[in-house]
Each structure stands twice: as structure tokens, then as C-alpha cells.
């Protein structure tokens, strides 16, 4: 009997503690909202009944009158910011007070996911960002564009070799394989040819590593968000041992091969090895000050650092870029007048040499407009985030507001997709309209309401690379084909509620109709 009473007492204490966690925003003088105990606002997301984007959109529209809304990711308070003016303060003007991203993966030094650039904090992030920034300069992009073009031409040739006048294609799988091929080539210097080699080991292993909807991954997410302390104490890893070993050994062998044979390539691994060599050559203590030496040591790239960076570039690039390509193909098929105008621009810029140059593809205004509108309607990231790194106060402006004092460690979410689809900022937001980004119309876009790759110093460092890959493949694809609807094409897309990113449940069944 005593044991039962003790258990009931402990459960009551636990319940009171949980409910107190969900009163965080009430204590900050904000309106109270009912949430599910323990799960907060994420109950339906964890059940797979609602996507993260659905959750954000629901909150965004329900509190249309507010500049910000308090919510809970399980027991952790989050602040959803709707106001472009506050977004400007957070991401740019007061960046020093909001320097870090939220930690999405368990903190485990041996886990590749926990060491990627978005997860680094403070000075560690600054050091790594300064190392990586030269990798994505215009000159480096020109060098990599040769590799990108090679994969794009091979991709299109894969369909030109077929005899059919109109070819039915499941673009979800097809574009994913193209992105795997081009990113493996430009990141690792690896020719995996997954379009033809369907069971390629590298492709299969990477696909498994990027499957965030598996039961194991969901459990790791849940446990980490419920108790980061437990995840850290037991060194719980987001990456499986098999995946970790495969990529670590692959990069190690590739680095050894290049260094032993003095192989130099214009790819991301090549640039990182070149920078590491330059850092290592600065080893004469008489030539550097103590502070310079300290900074140099902090900036050194270990083999594990390189592996984690390449791993994150590959996985993040493949899924997000291929999803964007699927959405663009779908929009062009459903909007033939837009596709016709884009094809006309491509035809004007095609040369007898067949290969398009970096200079030419960078000066195609309508292609720019189409890609910009794609990322407005179907942004690569449905949201971005920040963590408060210095105490900050949001001053009241509306009648029902009070000063909101943000504590260090508070998580902030910026809902990109809902803002991109707010009719207050974009008329007919569900319409695919590249003219929004025509030179004469761009000035009408409200500042800090267009941010497909994030915003401020912590925006996606590889955004130009992603855009370049998209431009290249659609340039060559539309040079030879028209993208058309087929019997299986779904006019209205149904989003995958179990995915963290913006992706459709369907296969994106479309047709490629030969133009010549």
C-alpha cells in the first residue's frame, strides 16, 4: 500500500513538473495555449498525422494578428516569429545575440550528424565558416560547373538514348539519382552512375543514412528532445554504426589515395585538402603570434571534420535539391506557357559547342526568375531557427503586448513556408508566377519575407551551388525535351506528413516529350 501511495505521489510530482514546463510562456506574460502534456505542440507530428510544416502553418494562420507565438517542442519552449521586422533583428541587426542554430541531433563527438556546420556553435562555427567560405566563391563555382555540366549531359543522354517520342518518368527517384551522381562527383570526386547502376553501394548506403522517418531515427529524435542529458550520457548516435564506418573509411581511403598519388581535383574534397595543407604549412612558431597560432590550431581540419562536412553536404544536398527539381518539373508541366518562355530563353543561349558556360547560365534572367519563384513556393527549408546566445528583449509595439525578455538558450523558429505563402506579402501565393521576380517587380517584395536558404550570416553556405545544379540540369533537359503531364500525373500534390522537409507523397509521374 505504501508503495502504491509513493508511486501516485511521484506521478503527481512528475505531472506538476511537466505542466510547469508548459507554463514557460505564461510566466513571460504571453497568452496561454493548451498543449498536450509532454508532447507540447508536436503530438500530431510524432504520430505522423501532421507534418512539421503543417504545424507551423496552422499556428501561423491561427495567430495571424500576433508578431510572435509561444509554443513547445515536447518540453522545450520555442518562439515562432511571424514579424519580418523581428526576423531582421534576430538574423541580421542583433545577430550576436542569436548566433547559434538549435541542436537537432544528439551531441556525440563521434557522430557525423552532430559535427556538421549547422550544428556548430559560437567560435567553432565562425572558424569553420571562415574555412568553408572560399570553397563556394564564384571562381570555385566556375571550376565545379565543369563537373556539374558533365553529369547534367549524361543525365539527359540517358533519356535521349531511348526510342520513345514521349517517355514516362518517375521523377522522384530519377532526380534523386541525378543529384546523388552530381553531388558525389562535385563533393567526393566519385562517379557512382546510380541512374544505370541501380544498386550502387554508395547510393544505397547514403539513401539509408538520409532516411529520417525510420523507427530508430524517430526514437532517437524523441529521446533527445525529451532529455538531451540522457542522450549525451549514453552517447546515443543518430548515425548507425554501419553508416558511420562506411563513410569514415571511404573518405579516409579517398584522402590517402589523393595524397599518396598527388591527385588534385576541382571538387569540394580537393579544396578542403588544399586548405588543410596550407594550414599545416604555417608551422614556424617564430612567424606567428600566440593568438594567431591558437586560431590556426582551432581552424585545423581533422579527417573527421572533413568526413562530417562532406557527409552533410551530400545528404542535405541530395534530398533538398532533388525535391526542388521535382516541384519545378511539376510546375513547368502544369504551366506550359511558363515552360515555353523558358525554353525560348534556353534556345537563344544555346551555342554550337553544346556545352553551356558558367557565364552564360548566370546571365539568363527568366531562368533566374523561375528558380526564384520555385524557392518561394517550394522552399528547400520550411523553417529556419536561432538560439538566444545573449539576453535580449523584444519591445512591445501592439496594444496587447508586453516586453518579452528572452533568456539565453531560448529556441526561436522562423516559419519560412508560411511567410512565403502569406497573401499579405505575395498575392495569390499558391500560384506559380515567376513574374514576381522580374526586375521591375522584385522591389515590391517585402524585406525579410523571402528566405528559402535561411537568412543572415547563418544562411545556407551552399545556396549558389544548389541553384547552379538546378540551372544546369534544366538547361540541358529543356534543350531536348518538353516536360508534359501523363495519365498518372497528379495535378494536386499531397504532401508527405511523415517527412521533416517539404516533399510529396507521390512519385512525380511526368513525361519527357522530345522536341526534335
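In the UniProt record's numbering, the protein residues as written are 1 to 516.
We put the CB at the ideal spot given by N, CA and C, even for glycine.
No experiment lies behind these values; they were computed from the predicted model shown.
Give me whichever residues DSSP pairs with residue 509 in a beta bridge. 170
Proximity of residue 247 and residue 321 at Cβ, strictly below 8 Å: no
Looking only at its chain, what residues have a beta carbon closer than 8 Å to the beta carbon of residue 350, apart from the 5 residues adjacent to it on each side? 356 and 479
Just the C-alpha distance for residue 171 and residue 46, rounded to the nearest angstrom, thanks. 28 Å
Residue 177: buried (16+ other C-beta within 10 angstroms of its C-beta) or exposed? buried
How many angstroms separate the CA atom of residue 382 from the CA atom of residue 499? 11 Å
At least 3 beta-carbon pairs within less than 8 Å: the stretch 134-150 vs the stretch 177-194: yes
Helix, strand or coil at residue 351 [DSSP, three-state]: coil
Beta-carbon within less than 8 Å of residue 417's beta-carbon, same chain only, minus the 5 sequence neighbours each way: which residues are those? 53, 56, 57, 379, 382, 383 and 502
Considering only DSSP beta bridges, list what residue 495 is partnered with. 504
Would you be able to state if there are at least three C-beta pairs under 8 Å between the stretch 431-440 and the stretch 386-399? no
For residue 63, which residues of its own chain have a beta-carbon under 6 Å away from its beta-carbon, when the five flanking residues on both sides are left out? 69
Here's the rule I'm using: 16 or more other beta-carbon atoms within 10 Å means buried, otherwise exposed. How should residue 285 be labelled? In this prediction, residue 285 scores a pLDDT of 49, lower than 50, which makes its location untrustworthy; no coordinate-derived value is stated.
Sequence-distant residues of its chain with Cβ nearer than 6 Å to residue 12 (five each side left out): none
Distance, Cα to Cα, residue 3 vs residue 9? Distance between residue 3 and residue 9, taken at the CA atoms: about 10 Å.
Taking 8 Å as the cut-off, does the stretch 336-344 touch the stretch 191-199 (at least 3 CB pairs, one atom from each stretch)? no
Which residue or residues does DSSP assign as beta-bridge partners of residue 392? 406
Per DSSP, what kind of secondary structure is residue 38 in: helix, strand or coil? coil
Residue 512: which of 371, 398, 319 and 164 sits nearest, CA to CA? Out of 371, 398, 319 and 164, 164 has the C-alpha closest to the C-alpha of residue 512.
Inter-residue Cα distance where the pair is residue 93 and residue 201: 46 Å
Three-state secondary structure (DSSP) of residue 19: helix
In terms of residues, what are the limits of the beta strand (DSSP E) holding residue 203? In the DSSP assignment, residue 203 falls outside any beta strand (DSSP E) and lies within the alpha helix (DSSP H) extending over 201-209.
Taking DSSP's pairing of strands, which residues face residue 100 in a bridge? DSSP, once it has assigned bridges, lists 387 as partnering residue 100.
Are at least three pairs of beta-carbons, each pair with one atom in the stretch 318-335 and one in the stretch 251-267, less than 8 Å apart? No: the two stretches stay apart, fewer than three of their Cβ pairs being nearer than 8 Å.
So if DSSP puts residue 72 in a beta bridge, which residue, or which two residues, is it bridged to? 77.
Going by CA-CA distance only, name the one from 316, 262, 90 and 471 that's closest to residue 153. 471
By a C-beta neighbour count over all protein chains shown, 10 Å radius and 16 as the cutoff for buried, is residue 37 buried or exposed? exposed
Where do the ends of the alpha helix (DSSP H) carrying residue 145 lie? 138-160
Just how far apart, CA to CA, sit residue 26 and residue 466? 42 Å
On the CB-based measure, 16 or more other CB atoms within 10 Å of its CB, does residue 1 come out buried or exposed? exposed
Can you tell me whether residue 65 is buried or exposed, with buried defined as 16 or more other CB within 10 angstroms of its CB? It is exposed - the Cβ of residue 65 has fewer than 16 other Cβ atoms within 10 Å.
Shortest alpha-carbon distance to residue 207 belongs to which of 243, 218 and 219? Of the listed residues, the one whose Cα sits closest to residue 207 is 243.
Residue 463 versus 421, 439 and 375, residue with shortest Cα-Cα distance: 375
Output the boundary residues of the beta strand (DSSP E) element that contains residue 481. 481-484
Who are residue 514's beta bridge partners in DSSP? 481
For residue 249, tell me which candidate among 35, 422, 209 and 304 has the shortest Cα-Cα distance. 304
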